[in-house]
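Residue numbers (our numbering): 655 to 1035. We put the CB at the ideal spot given by N, CA and C, even for glycine.
Shown next, in the form of C-alpha cells:
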C-alpha cells in the first residue's frame, strides 16, 4: 500500500508540476531558438543543430538542409548551433574555421557581416517578444479580459488612501496622467510603486479632483500561499452584483493591448531590478527553475488560458534577460558585435575568451542564487 501511495504521489507531482513546467518552458525556448534559426537560414548560414534541451540526444531527425532537430535530456533551455560554432554558446571553433573550404565559409556564421550576425542573435529575444504579443492578443480576442470599473467602495482606516483623502464612490480616472480603465489597471500601477508618490485623478460628485497618495509596502499572500511585497493603497471594490464584465477585442485592438501588456512587464522588471540595486526591493523574489515549475503547477489549476498567459510572461522575461550585455547571453554577443562595428575589427580571441568565462561565471552565480531562493521559499511554505 505504501508503494502504491508513493507511486500515486509521484504521478500527481509529475502531472501537477513537471508537465506544466515543461509545457511552458518548451514553448518559450522553441520560439526563442526559432527566431535565431529563421533569420540565420535567410542570411545563408548553415544550421548544424536545433536542440530543445541540453546534453545527450533523446530523439531527433535531419531535415533536407542537414540540420539535426533534436530533443535532449536536460530540458532547461535549448540552442541553435551554426556552422563554425564550437559549442552551444556559439563560441567560434577557431581550428575548424581556419581549415574551412570556400563553400563552407559562405555558409559559416563566423564569416558573415557583423550586421548579419547581430540580426541573427537579436532574432531570438525579438521572437520571445513577438510570441508574448501573439499569446496575449489571442487571449484578449478569445477569452477576453475581466474588467471592474475603478470605483472605490471602501477605504481602510489608517491606509494610504485615507491619508490621501479618498472617499467611497470616488471613481479613479488617471494615475500620473495615464488613463485608468479598470480597477485591475489601478492595482497593477499601485502594486509596482510602493513608496512612490502618485498623482491620482478621481471623479467625485461630478467634479474632478487630484489626490496625491503614496502606496504602503506590504507583504501579501496569494491563493497558493506565495508571499509578494507590493504597494497597497487600502481601497477595495465590490465585485458582486454584476460589477465585473468581460471585454473581448478585435484583432487590431487586441494586438495594441497585448503590446501594452508586454511593455508593462518590461517596465515592471526594470523597476524591480532598480529597486534591488537601491535597496527598495528584496532580491529574494528572484526565482529559478524550481520556482517556475511551482508557479506553472499552480497556474495550471486555472486552465490552459492561464498557463498560456504564464508562458507569455515568461517569454518576455527570457527575451529581456537574454538582451542583458553579459557575455554568453545574446546581449553579450551583441555587445561584442557593437564593439567590432566601432573598431572595424573584432576583439582579440583572448578578450573574447575572457569575456565568455566571466559571462559563464555570472550566469552560473545567478542560477545558483535563484535556485537557493527557490529552496528557501519551499522550506518556508
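Determine the direct distance from the alpha carbon of residue 812 to that of residue 1063, and round the result to whole angstroms.
-> Not covered by the structure: residue 1063. The range shown for the chain is 655 to 1035.
Check whether the Cβ atoms of residue 830 and residue 846 lie closer than 8 Å to each other.
-> Taking the chain shown and counting its residues from 1, the one referred to as residue 830 is at position 176. Taking the chain shown and counting its residues from 1, the one referred to as residue 846 is at position 192. Cβ distance not < 8 Å, so residue 830 and residue 846 don't count as in contact.
Applying the criterion that 16 or more other CB atoms from any shown protein chain within 10 Å of the CB defines a buried residue, is residue 911 buried or exposed?
-> As a working note, residue 911 is residue 257 in the chain shown. Residue 911 comes out buried.
Which term fits residue 717, buried or exposed, when burial requires 16 or more other beta carbons within 10 angstroms of its beta carbon?
-> Taking the chain shown and counting its residues from 1, the one referred to as residue 717 is at position 63. With fewer than 16 Cβ atoms within 10 Å of its Cβ, residue 717 is classed as exposed.
Which value, in whole angstroms, describes the spacing of the CA atoms of residue 970 and residue 796?
-> Within the chain shown, numbered from 1, the residue matching residue 970 stands at position 316. Within the chain shown, numbered from 1, the residue matching residue 796 stands at position 142. Distance between the alpha carbons of residue 970 and residue 796: 21 Å.
Report the rounded CA-to-CA distance for residue 657 versus residue 710, giving the unit in angstroms.
-> The residue given as residue 657 occupies position 3 in the chain shown. The residue given as residue 710 occupies position 56 in the chain shown. Confidence at residue 657 is low in this model, with a pLDDT of 34, below 50, so the placement of that residue should be treated as unreliable; the coordinate-derived value is given next. Just so you know, the alpha carbons of residue 657 and residue 710 end up roughly 31 Å apart.
Which first and last residues belong to the alpha helix (DSSP H) in which residue 849 is found?
-> Translated into the one-based positions of the chain shown, residue 849 becomes position 195. Residue 849 -> no alpha helix (DSSP H), and no H or E assigned at all.
Determine the direct distance from the alpha carbon of residue 915 to that of residue 804, and round the result to whole angstroms.
-> The residue given as residue 804 occupies position 150 in the chain shown. The residue given as residue 915 occupies position 261 in the chain shown. Rounded to whole angstroms, residue 804 to residue 915 spans 19 Å at the Cα level.
Would you check if the distance between the CB atom of residue 870 and the CB atom of residue 851 is smaller than 8 Å?
-> Your numbering for residue 870 matches position 216 in the chain shown. Your numbering for residue 851 matches position 197 in the chain shown. A distance of 8 Å or more separates the beta carbons of residue 870 and residue 851.
If you draw a straight line from the alpha carbon of residue 1016 to that of residue 732, how long is it in whole angstroms?
-> On the chain shown, residue 1016 is found 362 positions in, with the first residue counted as 1. On the chain shown, residue 732 is found 78 positions in, with the first residue counted as 1. Those two C-alpha atoms are separated by around 19 Å.
In the DSSP assignment, what are the bridge partners of residue 863?
-> Position 209 of the chain shown holds residue 863. Under DSSP, residue 863 forms a beta bridge with 856.
Which value, in whole angstroms, describes the spacing of the CA atoms of residue 791 and residue 1008?
-> By 1-based counting over the chain shown, the position of residue 791 is 137. By 1-based counting over the chain shown, the position of residue 1008 is 354. Cα-Cα distance, rounded: 42 Å.
Rounded straight-line distance, which links the Cα of residue 844 to that of residue 824 = Taking the chain shown and counting its residues from 1, one reaches residue 824 at position 170. Taking the chain shown and counting its residues from 1, one reaches residue 844 at position 190. If I take the Cα positions, the gap works out to 16 Å.
With respect to the beta strand (DSSP E) encompassing residue 802, which residues constitute its N-terminal and C-terminal limits?
-> Against the chain shown, residue 802 aligns to sequence position 148. Unbroken beta strand (DSSP E) run through residue 802: 799-802.
Looking only at its own chain, which residues have a Cβ that is under 7 Å from the Cβ of residue 956, when we skip the five neighbours before and after it?
-> Working through the chain shown from its first residue, we reach residue 956 at position 302. Cβ neighbours of residue 956 beyond the five flanking positions: none.
For residue 922, collect the residues of the same chain with a Cβ closer than 6 Å to its Cβ; drop the 5 residues on either side in sequence, then sort them by chain order.
-> As a position in the chain shown, residue 922 is number 268, starting the count at 1. Result list for residue 922: 846, in chain order.
With a CB to CB cut of under 6 Å and the five nearest residues on each side skipped, what residues in its chain are close to residue 1020?
-> As a first step, residue 1020 is located in the chain shown; it is residue number 366 there, counting from the start. Here the set comprises nothing.
Three-state class that DSSP yields for residue 784 in the structure shown = By 1-based counting over the chain shown, the position of residue 784 is 130. In the structure shown, residue 784 sits in a helix (DSSP, three-state: H, G or I).
C-alpha gap between residue 1000 and residue 1018, whole angstroms | Working through the chain shown from its first residue, we reach residue 1000 at position 346. Working through the chain shown from its first residue, we reach residue 1018 at position 364. Approximately 26 Å between the Cα atoms of the pair.
Tell me the DSSP bridge mates of residue 833?
-> Along the chain shown, read from residue 1 onward, the residue named residue 833 stands at position 179. In DSSP, residue 833 forms a bridge with 828.
Cβ neighbours of residue 723 in the same chain (closer than 7 Å, five flanking residues each side left out) | Within the chain shown, the letter at position 69 stands for residue 723. For residue 723, where only same-chain residues beyond five positions count, the Cβ hits under 7 Å are 704, 714, 715 and 717.
Short CB-CB distance (under 8 Å) between residue 978 and chain B | This model lacks chain B altogether, as it is built from one protein chain only.
Could you say which of 892, 730 and 699 lies nearest to residue 761 if we only look at CA atoms?
-> Within the chain shown, the letter at position 107 stands for residue 761. Among 892, 730 and 699, the Cα nearest to that of residue 761 belongs to 699.
How many angstroms separate the CA atom of residue 874 from the CA atom of residue 787?
-> For the purposes of this step, residue 874 is taken as residue 220 along the chain shown, with counting starting at 1. For the purposes of this step, residue 787 is taken as residue 133 along the chain shown, with counting starting at 1. Roughly 29 Å separates the two Cα atoms.
Which of the three DSSP states, helix, strand or coil, is assigned to residue 981?
-> Within the chain shown, numbered from 1, the residue matching residue 981 stands at position 327. It is coil, neither helix nor strand.
So, residue 772 versus residue 988, is the Cβ gap smaller than 8 Å?
-> By one-based count along the chain shown, residue 772 stands at place 118. By one-based count along the chain shown, residue 988 stands at place 334. Yes, they are a contact pair.
List the endpoints of the continuous alpha helix (DSSP H) containing residue 693.
-> Residue mapping note: residue 693 aligns to position 39 of the chain shown, counting from 1. Annotation: the continuous alpha helix (DSSP H) that includes residue 693 extends over 673-696.
Short check: CB of residue 776 to CB of residue 984, under 8 Å?
-> Stepping through the chain shown from its first residue, residue 776 is reached at position 122. Stepping through the chain shown from its first residue, residue 984 is reached at position 330. Yes; because the gap between Cβ atoms is below 8 Å, this pair is in contact.
Taking the C-alpha atoms as reference points, what is the distance between residue 767 and residue 1004?
-> Along the chain shown, read from residue 1 onward, the residue named residue 767 stands at position 113. Along the chain shown, read from residue 1 onward, the residue named residue 1004 stands at position 350. Those two C-alpha atoms are separated by around 21 Å.
What does DSSP give as the partner residues of residue 703 in its beta bridges?
-> Translated into positions along the chain shown, residue 703 becomes position 49. According to DSSP, residue 703 bridges with 722 and 735.
Under a Cβ-count criterion, where at least 16 other Cβ atoms within 10 Å of its own Cβ denotes burial, should residue 661 be classed as buried or exposed?
-> Within the chain shown, the letter at position 7 stands for residue 661. Note that residue 661 has pLDDT 38, beneath the 50 cutoff, so the model's placement of it is unreliable and no number is given.
Count the other CB atoms, across all protein chains shown, that sit within 10 Å of the CB of residue 931; report buried if there are 16 or more and exposed otherwise.
-> Stepping through the chain shown from its first residue, residue 931 is reached at position 277. Flag for residue 931 reads exposed.
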